[in-house]
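Those letters in the sequence shown? Residues 1 to 243, by full-length UniProt numbering.
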Amino acid sequence: MGSWVVDPSYPPYDSSSCPFLDAQFDCQKHSRTDCLFIIIALLMNLALKITYQVWTQYLVDIVEESLGRVLNLDSIQAGNKSWLGTDLLIFNTWHWWTYIGPSSQGWDYIRDDSNLVKDMDRLEAFHKGLNTWAAWVDQNLDPSKTKVFFHGISPKHTHCTGETEPYKGPYPEVLLPENGIVNRVLKSIKYKVYLLDITLLSQLRNDGHPEDQEAKGEDCSHWCLPGVPDTWNLLLNAALTTS
1 MGSWVVDPSY PPYDSSSCPF LDAQFDCQKH SRTDCLFIII ALLMNLALKI TYQVWTQYLV
61 DIVEESLGRV LNLDSIQAGN KSWLGTDLLI FNTWHWWTYI GPSSQGWDYI RDDSNLVKDM
121 DRLEAFHKGL NTWAAWVDQN LDPSKTKVFF HGISPKHTHC TGETEPYKGP YPEVLLPENG
181 IVNRVLKSIK YKVYLLDITL LSQLRNDGHP EDQEAKGEDC SHWCLPGVPD TWNLLLNAAL
241 TTS
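Rendered as structure tokens:
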């Protein structure tokens, strides 16, 4: 896996000039200069033209019905419009499956086959939704044209305030249940999907989260930028250029 060490050349970019960076994750702006580590690994320059990338929350559809917004665990109609005919697809989910309440989760009901419920066990819903995604990939994508990556689970930490260095370890390799679901679904899929497994290396970075600037409690699920997600991108870079 490698180990985290301080890299004096970091940060790799000026966060103030990055148009994609939300202010709450700008750790340079909030004087968090202690989280700039790099993991030692073989990294290569990206030499592949990418025509399309997809970022989505639940992978399955949220449909507007008369009773409200319905998360449909059995449907991916949106994928037929957005995902077909692309060179590269990078899928990422789970983080949003943990949100509670209509204002944050983005839906009012869940449709599970013929059942319509207000809520259900989120791991079970995630598993069913991911199986629907896997079936869609097998049935609709052409492996000679489209390369598919699945971005692994981004872990949360139970405590992160005041942390300034990576976890010293050895870190207990406890398999997150959501990670187990991802592994099982990817083993069952026929299409060649590359897993960008960033979970354990990110678990070591309890120091990599933004400090709370408004005293509303810890945010140990999002990440500082520049920071850990930049390493995810470097690993994706290496996977693209070596696979």
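Each residue gets a CB set at the ideal place from its N, CA and C atoms; glycine is no exception.
Exercise. Taking the beta strand (DSSP E) that W133 falls in, what are its first and last residues?
Worked result: Run containing W133: none in the beta strand (DSSP E); it sits in the alpha helix (DSSP H), R122 to N140.
For this session: From the DSSP output, in three-state form, read off K168 for me.
Result: coil
Exercise. If you compare alpha carbons, which of L88, F91, K118 and L89 is closest to G101?
Worked result: K118
Exercise. Since W94 is in the beta strand (DSSP E), which residue starts that stretch and which ends it?
Worked result: No beta strand (DSSP E) contains W94, which DSSP labels as neither H nor E.
Problem set entry | Buried/exposed call for S17, threshold 16 Cβ in 10 Å | exposed
Exercise. Ordered along the chain, which non-local residues of its own chain (more than five positions away) have a Cβ less than 7 Å from that of residue 323?
Worked result: What is shown of the chain runs 1 to 243, which leaves residue 323 out entirely.
Exercise. If you draw a straight line from the alpha carbon of P143 to that of E65, how long is it in whole angstroms?
Worked result: 35 Å
Exercise. Just how far apart, CA to CA, sit D14 and K156?
Worked result: 26 Å
Problem set entry | Endpoints, alpha helix (DSSP H) assigned at W223 | Where W223 is concerned, there is no enclosing alpha helix (DSSP H), given that its DSSP letter is neither H nor E.
Problem set entry | 7 Å CB neighbourhood of Q77 in its chain, flanking five on each side removed | D61
Exercise. Since I198 and W232 are thought to touch, with beta carbons under 8 Å apart, how far apart are those beta carbons, to the nearest angstrom?
Worked result: 5 Å
Exercise. Excluding the five sequence neighbours on either side, which residues of its own chain have a C-beta within less than 8 Å of the C-beta of A239, listed in chain order?
Worked result: F149, Y194 and L196
Problem set entry | Simplified DSSP assignment, three categories, for residue 251 | With the chain covering only 1 through 243, there is no way to say anything about residue 251.
Exercise. Among Y58, C224, K187 and L59, which residue has its Cα nearest to the Cα of E163?
Worked result: C224
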